[in-house]
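Sequential numbering from 1 applies to the sequence shown in the UniProt record's numbering. Working notes, beginning with the structure itself.
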Amino acid sequence: MALFFDADWFDQRLAARGTDRIGLAVATGIERGELHRIFSNERSPSAEELAEFARVLETDLLEVTIRSGVAVRESAPGADTGDRIQSIEARLDAIDTWLAEFEASKKKAVG
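Here it is, written out as C-alpha cells:
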C-alpha cells in the first residue's frame, strides 16, 4: 500500500495536459479500476506504472515516485524518535521494493 498518493497533484498535472484519469489509464494501459485503486491508496503503483506516469506527465520519475507515496519526506507533527525511525524504515522498505521491481523490469526489457 502506498504511504500517501497525492491524487490532487496528479489530477492537476493531467488537467494541465488536457486529460484526466481516464486518459492516464488509456495512455498507460492500466485498467480504470486498477488506476482507481492506486489513486485511492488501495495499492501501490509498480515500477513500470511509475515510469509510465512519468512519461505521460512529462515529469521526472523521482517526482512521480514521491507524489505516489513511495517516498514521503515529512513525519507527523509531534512524532517521537521511535515513530520517526519506524516511518523512515517503512519508506526505505517501500523504496527497496520499488527498486527491485524497477531492476526486474529493466532486465525483462533488455533480455
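In this text, a Cβ means the ideal position worked out from N, Cα and C, and glycines have one as well. Quick caveat: nothing in here was measured; it's all calculated off a predicted structure.
For residue i and residue j, I'd like the C-alpha separation in whole angstroms.
i    : j    : result
A27  : V56  : 7 angstroms
R67  : F4   : 8 angstroms
L24  : W98  : 21 angstroms
S87  : I95  : 12 angstroms
L92  : S44  : 14 angstroms
E63  : I30  : 20 angstroms
E103 : V110 : 11 angstroms
Restricting to Cα atoms, I'd like to know which of the options is closest to residue i.
i           : options             : result
residue 143 : E42, E48, A54       : What is shown of the chain runs 1 to 111, which leaves residue 143 out entirely.
E101        : T59, L14, L50       : L50
K107        : A47, E58, E42       : A47
D60         : I38, A109, R13, R37 : R13
Does the Cβ of residue i have 16 or more other Cβ atoms within 10 Å, making it buried, or fewer, making it exposed?
i   : result
R32 : exposed
R84 : exposed
T65 : buried
What alpha helix (DSSP H) runs, 4 residues minimum, are completely inside the UniProt domain "HTH cro/C1-type" (24-64)? 32-39, 47-57
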